[in-house]
Amino acid sequence: MTFDDDFTLTIAGRAIATEAKVAVINPATEAVFAHAPAADAALLDKAVEAAQDAFPAWRDTPVAERRRVLLLLADAIETSAIDLGVLFTREQGRPTPLATREIKAGAAWLRAVAGQEVPVDTVEDSESRRVEVHHVPLGVVAAIVPWNFPFLLTIWKIAPALLTGNTVVLKPSPYTPLCALKLGEMARNILPPGVFNVLSGDDALGPLMSSHAGFAKISFTGSTATGKRVMAAAANDLKRITLELGGNDAAIVLADADPDEVAEAMFAGAFFNTAQVCIATKRLYIHEDIYEAVRDRLHALANKAVVGDGSGEGVTHGPLQNLAQYRRVKALIEEAEASGLTLLRGSAVPEGPGYFLPLTLVDNPPEDSAVVREEAFGPVLPLLRFSDVEEVITRANDSEYGLAGSVWSRSVERALDVAQRLNAGSVWINQNRQVAAHVPFSGFKQSGFGVENGREGLLEFTQTKAIYVPK
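Each position in the sequence shown, counted from 1, maps to that position plus 50 in our numbering.
Here it is as structure tokens:
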């Protein structure tokens, strides 16, 4: 796979080039290494029209055949995983072994979703009638994907949409469009024309999609602020929406937890992908009895981390993905330092170009400090001391977000009691960052609207239809 400018849109099963381009920057070097095509409103219309034209036949294709085709696409992804992993690192920044793991996880996720069933439920079977509840496809789905997990989150959206009989127009982030464009290229030889279309573009393309009358549904992952704008635009014609938005996820470490085990797991849970994870731990509450022990172990792990260009040997953490996010997180760290907070920095970052920041712990900052209240989405983790369990549950829930959380204790029963009182869509006990294709994923409060994954997520791409059958 080459890195020249051979990247094209996919519309109606054909490669489409554009004169307008979007520069793609390697965040480890700050250099432009490729250009993606920039779709405009006219090309968006063509993609939607192609998806609309393809919809009736795809809707009427038996589920078994749709499943077979999706499995072929999964095989093609698996075959190209190494090349895609290298490309992923250059556009996203994550170390190549971990980037390749995401590509392979995408193939596995696609296979898992392809194996799911679109249910037909009999809710009444009396002497006079049978009532069946069917779940029929909506039409054309707009899938809008962010830059932090650009491949896996693409699969999260397109797999259930396609399995349930919808057609799709995918828009990757302008920061990370290339793997998605290559996926569209692969799909041209597998999916019927128009069933899966891929458009890259600049920041203007997303709003055009959100307000386009040709979409029956929008599935969006990104910031809460942008999600609100998507929701407002979708209201004009009552599009269905699924929004997976921000999170300021809290972890609670109870007094009986093992500091070594917690620190090891929590470090990965907080700093994987340079902490650019919606379900990463972003506030870590530690009981005062073991606070220093956990803090010191986390700091030692941060000192062992290797921050650098993700294509380099032995690198564990890459750069922030883009300049805007780098500046935002850097400003948050500088504000914390200027406020007199104690920062515990990890290993040094490379000198010269690149959006690199050290993995940084903030030692027991005030609850109302910006580093606690705001979602950093970068390598800065506030550690917060507590003594009373009831109080810490209140503190953890005191957020506009409610995406995920975790509880750590040697007693699963004690941890379960705390977990049940956390206002979050996913709560893990003695683990973190766990998701699965068969498990629903959703957010409380301003962390989201609707459900992804599992039966509930599958049915979000359908319209419920009751059929009354007389006897």
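We put the beta carbon where it would ideally sit given N, CA and C, even for glycine. Since this is a predicted model, take the numbers as computed values, not measurements.
Using C-beta distances below 7 Å, list every residue in its chain close to residue i, excluding the 5 sequence neighbours before and after it, in chain order.
i: T274; result: L295, G296, Q496
i: L121; result: R161, A164
i: A86; result: F57, K71, V72, V74, P227, L228, L231, S250
i: E167; result: none
i: L293; result: F270, G277, V280, M281, G498, F499, G500
i: A104; result: T217, P242, P243, G244, V245
Quick one: what's got a C-beta closer than 6 Å to residue i's C-beta in the same chain, skipping five residues either side?
i: G63; result: R238, P243
i: N372; result: Y225
i: S449; result: N298
i: V312; result: V303, V344, W458
i: G504; result: H488, V489, P490
i: P408; result: R395, G396, V399
i: W555; result: Residue 555 falls outside the range modelled here, since the chain spans only 51 to 521, and no answer is possible.
May I ask you to report which of helix, strand or coil DSSP gives residue i?
i: D413; result: strand
i: A454; result: strand
i: N247; result: strand
i: L212; result: helix
i: T514; result: strand
i: G504; result: helix
i: V303; result: strand
i: V186; result: strand
i: L220; result: strand
i: H85; result: strand
i: L293; result: strand
i: F201; result: coil
i: V168; result: coil
i: G498; result: strand
i: A487; result: coil
i: P147; result: helix
Confirm, please, whether the CB-CB distance from residue j to residue i is below 7 Å.
i: H367; j: V379; result: no
i: G507; j: P490; result: yes
i: I240; j: I268; result: no
i: N473; j: S456; result: no
i: A91; j: L258; result: yes
i: L220; j: V248; result: yes
i: A283; j: L188; result: no
i: F436; j: Y335; result: yes
i: F499; j: N216; result: no
i: I153; j: F83; result: no
i: V170; j: E182; result: yes
i: T79; j: P403; result: yes
i: L213; j: R109; result: no
i: I208; j: A193; result: yes
i: R333; j: A300; result: yes
Kindly indicate the opening and closing residues of the alpha helix (DSSP H) around residue i.
i: L110; result: Position check: residue 110 holds Asp in this sequence, whereas Leu was assumed. Unbroken alpha helix (DSSP H) run through D110: 91-110.
i: V312; result: 309-321
i: S476; result: From DSSP, S476 is part of no alpha helix (DSSP H) but of the beta strand (DSSP E) over 476-479.
i: I340; result: Note, I340: premise wrong, no alpha helix (DSSP H); not H, not E.
i: T444; result: 439-447
For the beta strand (DSSP E) that contains residue i, what are its first and last residues?
i: I431; result: This sequence places Leu at residue 431; Ile is not what is there. Run containing L431: 430-436, per the beta strand (DSSP E) assignment.
i: R64; result: 64-66
i: V173; result: 171-175
i: Y225; result: Premise fails: Y225 is in no beta strand (DSSP E) and is neither H nor E.
i: L334; result: 333-337
i: N76; result: 71-76
i: K267; result: 267-271
i: R471; result: That residue, R471, is in no beta strand (DSSP E); it is neither H nor E in DSSP.
Which term fits residue i, buried or exposed, when burial requires 16 or more other beta carbons within 10 angstroms of its beta carbon?
i: S178; result: exposed
i: G475; result: buried
i: E502; result: buried
i: L288; result: exposed
i: Y376; result: buried
i: Y518; result: exposed
i: V468; result: buried
i: Q326; result: buried
i: A124; result: buried
i: Q142; result: buried
i: A315; result: buried
Go through its chain and collect everything with a Cβ distance to residue i's Cβ below 8 Å, but skip five positions before and after it.
i: L393; result: I383, A386, E387, T410, L411, V412, D413
i: V365; result: P145, V356, V357, G358, D359
i: A131; result: T150, I153, K154, A157
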